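I have placed the structure first, in the form of structure tokens, so that the comments after it can refer back to it.
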DNA sequence: TTAAATTGTAATATTTCTGTAACAAAAGAA
DNA sequence: TTCTTTTGTTACAGAAATATTACAATTTAA
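Protein chains in written order, with this note's numbering: chain A, 45 to 270; chain B, 45 to 270.
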């Protein structure tokens, strides 16, 4: 069971795109093109997550948010807000009125999907896959543990995130910039060479003697798993 | 054995939803769509708990309640009343006529489930799991006692709730925010560092020499049991 | 009411983690 | 080979997160 997602968004093309893709991912999806009706349908549908357009013809996103948060049955419904580019103040307002995350339009489905999983993982962990594995490596996001060949490995927080990142796309080569963007908290400035050091630390931790090296260096491109 | 639940409710869709979910949870469920018949069937069925709609076409919730309380065989049958939104006076009347709890429609199944467990825990402790255990730790929700290796341990109220929380999902790592949300009463603002102190107190209480530490610190993530 | 227990916070100590710089080693290029 | 570029390794100081302690305020019990 992947969970139920409700969409309130007035641009039919977006709804169609998102709904179709989410259903392909195994979610049960329902949607509404306007706010007032959407609210009613949503409460019947009882989703695990709401995708909410911030600019609707009838009701503003804030109003919907408030309404939802006031209803004891939906107080903790995770909400991801869809906002048009440049409406920076809206983001602030959104986060203040209890939105869990936001995605700026236009967005790629992959980006949205990642956000959805992240939000669901926090609010409703059973809905989302929590173990990442690759060969004899296993990372448990719930218990925050890492195993190589069934032996537990201790990692620092950054090494953990780094490995988690590689495990979401094994084999794929990531540049230092890509790694930096995803693994490090936003608006943090670190030397790109710093990654080398963390790679070293990660290697040191996950390598077992007689077992093959798991992190490959791709000269002038970056690193990848195996 | 999870116990038997009877439902008297005239909206077939609600009955279906609730009955289905309760059966999935292991309860034996029977139901009736109207009051007079429901009363008869109920007495044959001999449930451990009754879910009672307050607004029925034929008999009012109060009448049913009175009838039940007058019957010596069902004097102490726990009743949860289902009431439509805004019927505040009904709640008062309900509680006066011996209802144990009420749930406002529309409700989520999870909410109802929680209420049912809470009511059964009080009235019929054998039906509901009241002991949380993990390795040699045992927490008794009824008597509010905690044991480690069969030796009783004294905990303050907050430490008790904290441990109870960890025991509902052992091994899982919880962030300070999650702990705060669940363990502390709502809309109470406490410093997130305060949790560290309570963790310390809890550790101090449940740790026995020569026995392993039960609470794991996961740097930058939170805490978990073992 | 007094005494005891409980709570939250702030201050301090301790531990662990991070980023960087400096140098070594390796891989390409010429 | 020799030079250049890129990556590996190491050590270390400062930063960040957690542990511990003490204390005042509040609640509960006696």
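Glycine included, C-beta positions come from ideal geometry on N, C-alpha and C.
Only a predicted model underlies this, so the values are computations on that prediction, with no experimental measurement involved.
- The criterion of a C-beta distance shorter than 7 Å is satisfied by residue 259(A) and residue 247(A).
- Between residue 94(A) and residue 86(A) the beta-carbon gap is near 7 Å, inside 8 Å, which marks them as a contact.
- Taking a Cβ-Cβ cut-off of 8 Å, the neighbours of residue 263(B) in chain A comprise 200, 201, given in sequence order.
- Straight-line spacing of the CA atoms in residue 249(B) and residue 199(B) works out to 7 Å.
- In summary, no residue of the segment 218–233 of chain A has a CB separated from any CB of chain B by less than 7 Å.
- Contact between the segment 143–160 of chain A and the segment 62–78 of chain A is present: three or more C-beta pairs spanning the two stretches fall below 8 Å.
- In terms of Cα proximity to residue 261(A), the closest of 252(A), 219(A), 170(A) is 219(A).
- For the C-beta of residue 122(B), not a single chain A residue is nearer than 7 Å; the gap to the nearest is close to 22 Å.
- Closer than 8 Å at the C-beta level to chain B, one finds these residues of the segment 172–201 of chain A: 186, 187, 188, 200, 201.
- In the three-state reduction of the DSSP assignment, residue 107(A) falls in the helix class.
- For residue 215(B), the chain A residues whose Cβ falls inside 7 Å of its Cβ are 187, in order along the chain.
- Residue 266(B): not part of any alpha helix (DSSP H); member of the beta strand (DSSP E) spanning 266–269, first to last residue.
- For residue 263(B), the number of other beta carbons within 10 angstroms of its own is below 16, and it is reported as exposed.
- The DSSP assignment places complete alpha helix (DSSP H) segments of no fewer than 4 residues inside the segment 138–211 of chain B at 153–167, in order along the chain.
- Within 10 angstroms of the beta-carbon of residue 244(A) lie fewer than 16 other beta-carbons, which makes it exposed.
- Secondary structure note for residue 245(B): its alpha helix (DSSP H) is the uninterrupted segment 238–250.
- Shown in chain order are the members of the segment 92–120 of chain A whose Cβ falls below 7 Å from a Cβ of chain B: 117.
- For residue 97(A), DSSP records a beta bridge to 126(A).
- Residues of chain A with a Cβ closer than 8 Å to the Cβ of residue 151(B) are, in chain order, 117.
- Within the DSSP bridge table, the entry for residue 223(B) names no partner.
- If you check the CB distance, residue 172(A) and residue 161(A) come in under 7 Å.
- Counting along the chain, the unbroken alpha helix (DSSP H) around residue 84(B) starts and ends at 79–89.
- Between residue 49(B) and residue 71(B), the CB-CB gap stays under 7 Å.
- Membership of residue 62(B) in the alpha helix (DSSP H) is indicated by the continuous run 56–68.
- A straight line joining the alpha-carbon of residue 181(A) with that of residue 266(B) spans about 23 Å.
- At a cut-off of 7 Å between beta carbons, residue 87(A) contacts chain B.
- By the neighbour-count criterion, in which 16 or more other beta carbons inside 10 Å mark a residue as buried, residue 175(A) falls on the exposed side.
- Annotation: residue 216(A) is outside any beta strand (DSSP E) and is labelled neither H nor E by DSSP.
- For residue 234(B), no beta strand (DSSP E) segment is defined, and its DSSP state is neither H nor E.
- Contact check for residue 77(A) and residue 54(A): beta-carbon distance about 5 Å, within the 8 Å limit, so the pair qualifies.
- Residue 75(B): member of the beta strand (DSSP E) spanning 72–76, first to last residue.
- Under a criterion of Cβ atoms nearer than 9 Å, the residues of chain B adjacent to residue 90(A) are, in order, 150, 152, 153.
- Beta-bridge partners of residue 48(A) (DSSP): 72(A).
- One thing to note: residue 269(B) has its Cβ within 7 Å of the Cβ of residue 178(B).
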